[in-house]
Structures are given as structure tokens and as C-alpha cells.
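In this note's numbering, the protein residues as written are 468 to 726.
By construction, the Cβ of each residue, glycine as well, lies at the ideal position given by its N, Cα and C atoms.
Reading through the C-alpha cells given below for one structure.
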């Protein structure tokens, strides 16, 4: 239990690295377009040749330690909690071993599918957040409330599946007005943290870079006379670190970091 909480502090290093990189390289076009490249870019710029290799080796070692553990734990949980209790109560150890191997192949194939389907690291991270939401409540309730039983755990899992997956996905398809209902879309005031402010500015720089690319392509078409003057007047520009001015459908529009 203590180790499970202490390892959360290790993630502070990743957060601090991202904040430092956002401060050191705020206007690098490659990072504005692809923020997922920040770690590699910072490693190349800040570390020497030997330390770059050490960084790569550490990342691969950390990945392998987590992946091989999931390969063993996942099939074991499925075999001992689903296959044996519900499908084959009299299964031998040899049969359980082969069932675990086949389940492991399915787990690996599913991991490969998600890795090849979701190229965005943020989407993959959000996916790892959503799945534990289904099983985390009965886990924590079972640890701190001794009167919890299997029926309560099953009800909790079904409830989480409905409210975190089924209703959010199928609800708007059945009732199309859910996504356009202004009462449901009202945002309550909230405090903007430092990381949220930095993320907003990064998105703002990305919009400015994209608008500048579109403007440059149009200029390269050989505009002349009044058309060239009009095009030059619509050049995207940065007003301040939190505001930009880019062309819009009705002329130039000012966009802020907070929307």
C-alpha cells in the first residue's frame, strides 16, 4: 500500500520535465505541431551522447518491466476469476496453464491493436485512465469496507460501465440533442492551474503556426497588386503571449489562450 502511493511521486519528474521543456522551447515549430516529440527533443538538446543512450535504455527497461508484468498478471486474473469459477471449475493446472497462454496471446494482440490504432499519446493515456474506472471502485471499497460482497462489486462494475462507457457513447446517438443542449454545455467557473495555462498557450502557438503556414502557401501563389496588399494585411501575428490575431471567416479575429 505504501509503495503504491510512493511511486506516484515518481511521476512528478515527468511533469516537471514537461513544464521545463515548455519554458525552454515555447516556439519550436516541430513541438508546436507535435507536442509528443517534446521528451525526445529535450533529451537531444540537453543530454550528451552517452546520457542519451542511457535515457533510451532506461525508457525501454521501464516499458519492458511494465509490459511483461501485465502479460502475466492479466491472463492470470482472467483464468482464476473467470475461466475456472464460471467455465471450468474442475480444470487441471495444465489446462489453466494453456488457458493462461492463450489469454496472454489475446492480451498482446489487443495491445498491438490499440498501439497501431491510437497514435496520439494523449489518447492512449486517456484510455489507460478510463479502463481502471470500471474496476477501481469495487477494489477500494473491498479494502476499506469489509461488509462488501460479490453482488455489490458486480453491481458497481455494471454501474461504471453504464455511466462511463455505454451512456456517454450511445446516449448522444439515440438523443442527438444532448450534445447541443445549452443547459448541459454550461461550464462552471474554475481555477486555471499553471499547467493548464501552459497547455492553453501551446495550443495557441499551434493555431498561429498553422495559420502562418496557410498564409505562406497562399502568398507563394504569386499574388500581385491589390490582392497582394489585401493578403499582407491578413498576415497572422502574435499580439501577446496569450493572444493572437489570425484570419477568420469575417476578417481578422483575435483568439485568447483561454478561449
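Residue 618 versus residue 548 - alpha carbon distance: As a working note, residue 618 is residue 151 in the chain shown. As a working note, residue 548 is residue 81 in the chain shown. Rounded to the nearest angstrom, the two C-alpha atoms are 14 Å apart.
Could you give the distance in angstroms between the alpha-carbon of residue 629 and the alpha-carbon of residue 572? For this step, residue 629 is matched to residue 162 along the chain shown. For this step, residue 572 is matched to residue 105 along the chain shown. Between residue 629 and residue 572, the C-alpha separation is close to 28 Å.
Roughly how many whole angstroms lie between the Cα atoms of residue 599 and residue 540? The residue given as residue 599 occupies position 132 in the chain shown. The residue given as residue 540 occupies position 73 in the chain shown. The alpha-carbon separation between residue 599 and residue 540 amounts to approximately 15 Å.
Within 10 angstroms of the Cβ of residue 499, are there 16 or more other Cβ atoms? Answer buried if so, exposed if not. Taking the chain shown and counting its residues from 1, the one referred to as residue 499 is at position 32. Burial state of residue 499 is buried, judged by a 10 Å Cβ sphere holding 16 or more other Cβ atoms.
Which partner residues does residue 721 have in the DSSP bridge list? If you number the chain shown from 1, residue 721 lands on position 254. In the DSSP secondary-structure assignment, residue 721 is bridged to 712.
Beta-carbon proximity check, residue 721 vs residue 712, cutoff 7 Å: In the chain shown, residue 721 corresponds to position 254, counting from 1. In the chain shown, residue 712 corresponds to position 245, counting from 1. Cβ distance < 7 Å, so residue 721 and residue 712 count as in contact.
Beta-carbon contacts of residue 602 that lie in its chain and below 6 Å, excluding the five residues immediately before and after: Numbered from 1 along the chain shown, position 135 holds the residue referred to as residue 602. Cβ neighbours of residue 602 within its own chain (closer than 6 Å, five residues either side excluded): none.
Using only CA atoms, which one of 503, 518, 524 and 575 lies nearest to residue 536? Residue 536 sits at position 69 when you count from the first residue of the chain shown. The option with the nearest alpha carbon to residue 536 is 575.
For residue 578, three-class secondary structure by DSSP: Here residue 578 is taken as the residue at index 111 of the chain shown, counted from 1. Helix.
Inter-residue Cα distance where the pair is residue 610 and residue 604: Translated into the one-based positions of the chain shown, residue 610 becomes position 143. Translated into the one-based positions of the chain shown, residue 604 becomes position 137. One C-alpha to the other measures close to 10 Å.
Kindly give me the distance between the Cβ atoms of residue 703 and residue 685, rounded to whole angstroms, as I take these residues to be in contact under 8 Å. Position 236 of the chain shown, counted from the first residue, corresponds to residue 703. Position 218 of the chain shown, counted from the first residue, corresponds to residue 685. Contact doesn't hold; Cβ gap of about 11 Å is too wide.
Where does residue 691 sit, in a helix, a strand or coil, going by DSSP? For this step, residue 691 is matched to residue 224 along the chain shown. Looking at residue 691 - three-state DSSP - the assignment turns out to be coil, as it is neither helix nor strand.
Can you give the Cα-Cα distance for residue 634 and residue 643, rounded to whole angstroms? Within the chain shown, numbered from 1, the residue matching residue 634 stands at position 167. Within the chain shown, numbered from 1, the residue matching residue 643 stands at position 176. Residue 634 and residue 643 have their C-alpha atoms roughly 13 Å apart.
Taking residue 704 as part of the beta strand (DSSP E), name the residues at either end of that continuous run. Residue numbering aside, residue 704 sits at position 237 when the chain shown is read from its first letter. Start and end: 704-707.
Residue 612 - containing alpha helix (DSSP H), residue span: The residue labelled residue 612 in the question sits at position 145 within the chain shown. It is not in any alpha helix (DSSP H) - residue 612 carries neither H nor E in the DSSP assignment.
What's the call for residue 550, buried or exposed, on a 16-neighbour Cβ count within 10 Å? Counting from 1 along the chain shown, the entry for residue 550 is found at position 83. By the neighbour-count rule (16 or more Cβ atoms within 10 Å), residue 550 is buried.
Where residue 623 falls, given that 16 or more other Cβ within 10 Å makes a residue buried: Locating residue 623 in the chain shown gives position 156, where the first residue counts as 1. By the 10 Å Cβ count, residue 623 comes out buried.
Residues in the same chain with beta-carbon distance under 6 Å from residue 631, minus the five sequence neighbours each way, listed in chain order, please. Position 164 of the chain shown, counting from 1, holds the residue named residue 631. Excluding residues within five positions, the ones whose Cβ falls inside 6 Å are 600.
Quick one, which of 627, 585 and 469 has its alpha-carbon nearest residue 597's? Stepping through the chain shown from its first residue, residue 597 is reached at position 130. It is 627 whose Cα lies nearest to the Cα of residue 597.
Whole alpha helix (DSSP H) elements within the segment 581-651, 4-residue minimum: Qualifying alpha helix (DSSP H) stretches, in chain order: 588-611, 617-628 and 634-641.
Taking Cβ to Cβ, would you say residue 510 is nearer than 7 Å to residue 522? The residue given as residue 510 occupies position 43 in the chain shown. The residue given as residue 522 occupies position 55 in the chain shown. The Cβ-Cβ distance between residue 510 and residue 522 falls below 7 Å.
Is the CB-CB distance between residue 497 and residue 491 below 7 Å? Indexing the chain shown from 1 puts residue 497 at position 30. Indexing the chain shown from 1 puts residue 491 at position 24. In this structure, residue 497 keeps its C-beta atom at 7 Å or more from the C-beta atom of residue 491.
So residue 691 packs on residue 493, CB below 8 Å; how close in whole Å? In the chain shown, counting from the first residue as 1, residue 691 sits at position 224. In the chain shown, counting from the first residue as 1, residue 493 sits at position 26. That pair is no contact at about 36 Å.
Exposed or buried, which one is residue 546 when buried takes at least 16 other CB atoms within 10 Å? Sequence index remark: in the chain shown, residue 546 carries index 79 (1-based). Note on residue 546: 16 or more other CB atoms within 10 angstroms of its CB, so buried under the neighbour-count rule.
In three-state terms, what does DSSP make of residue 508? Here residue 508 refers to the residue found at position 41 when the chain shown is read from its first residue. Residue 508: helix per DSSP, three-state reduction.
Would you identify the three-state DSSP class for residue 532, choosing helix, strand or coil? On the chain shown, position 65 is the one that residue 532 refers to. Helix.
Rounded C-alpha distance that separates residue 487 from residue 512: Taking the chain shown and counting its residues from 1, one reaches residue 487 at position 20. Taking the chain shown and counting its residues from 1, one reaches residue 512 at position 45. Their Cα atoms are separated by approximately 13 Å.
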